[in-house]
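Quick notes on the structure that follows.
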Amino acid sequence: MVYWYLVSRGESFSEAKRRTETVLKELNLWEYKDKPCLSLSGGLKRRVLLALTVATSAELVFLDEPTLGLDPLSKRETWRLISELREETFFFVTTNVGLEAESLAKTVAIINRGRIIAKGNPEELKGETYKHKLIFTDDVEIKGAIKFGDKKILYFNEFDEIHEILRKLNSYSIQPTDLEDVFIAFLEGERNES
Numbered sequence: 062m063v064y065w066y067l068v069s070r071g072e073s074f075s076e077a078k079r080r081t082e083t084v085l086k087e088l089n090l091w092e093y094k095d096k097p098c099l100s101l102s103g104g105l106k107r108r109v110l111l112a113l114t115v116a117t118s119a120e121l122v123f124l125d126e127p128t129l130g131l132d133p134l135s136k137r138e139t140w141r142l143i144s145e146l147r148e149e150t151f152f153f154v155t156t157n158v159g160l161e162a163e164s165l166a167k168t169v170a171i172i173n174r175g176r177i178i179a180k181g182n183p184e185e186l187k188g189e190t191y192k193h194k195l196i197f198t199d200d201v202e203i204k205g206a207i208k209f210g211d212k213k214i215l216y217f218n219e220f221d222e223i224h225e226i227l228r229k230l231n232s233y234s235i236q237p238t239d240l241e242d243v244f245i246a247f248l249e250g251e252r253n254e255s
């Protein structure tokens, strides 16, 4: 599929063959080169789409959630390839996975309702927020807490709110944030401003 795509874009047969082999091997797709795309799993189909994209040697590539549906090993392989190719190609990647953005991006833009609400490199953005880990006894009721799995998340706007909660506290620590924490913090800030 990659070969014929490159030929249809005007590449010579020999150059299309060379690029196809290189990209399929880099993305661990070589063993599937003779299989019809329709017979591949969802994750393999995503990797074929990535192969089609990077085989063109375009200067600018848009990737919409390139690792969606991939197993963890395939995700890391995809991240590795994108990282290697970014010296010669500019990638514009959309993702809702913070770790993926941290792994791939030199610059991250957090978008809410079509507007950029924060922009910077991942370390700068993570440096703008931090999270506090508060441990309470199980029977403590925390007003305004959002249940998230086995955790409760609480956002404070006023110091008085913090003081009231701290009276019920067993232990406390400050922890580094990841980009998902940053995203949530900026969205909460947007809600509180409106």
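Under the numbering used here, the residue at position 134 of the sequence shown is numbered 195, and the numbers go up by one with no gaps.
All C-beta atoms in this analysis are idealised placements derived from N, C-alpha and C, irrespective of residue type, glycine included.
Quick caveat: nothing in here was measured; it's all calculated off a predicted structure.
Residue pairing from DSSP places F123 in a beta bridge opposite F153.
Residue pairing by DSSP places G181 opposite V169 in a beta bridge. With respect to the C-alpha of D95, the residue from E87, T156, E82, S135 having the closest C-alpha is E82. Judged by DSSP secondary structure, L146 falls within the alpha helix (DSSP H) whose first and last residues are 133-146. Taken through DSSP and simplified to helix, strand or coil, S102 comes out as coil. Going by beta carbons, G188 and V169 fall outside the 8 angstroms limit.
Short of 6 angstroms from the beta carbon of K136, and not among the five residues preceding or following it, lie these beta carbons of its own chain, in chain order: T128. In the pairwise beta carbon analysis, the region 153-163 is classified as not touching the region 108-119: fewer than three pairs are separated by under 8 angstroms. For A77, the uninterrupted alpha helix (DSSP H) run begins and ends at 74-87, by DSSP. Around the beta-carbon of F151, fewer than 16 other beta-carbon atoms lie within 10 Å, marking it exposed. F123 counts as exposed, since fewer than 16 other C-beta atoms from the protein chains shown sit within 10 angstroms of its C-beta. In the DSSP assignment, V63 falls within the alpha helix (DSSP H) that extends over 63-69. Under the three-state reduction of DSSP, R252 is assigned to helix.
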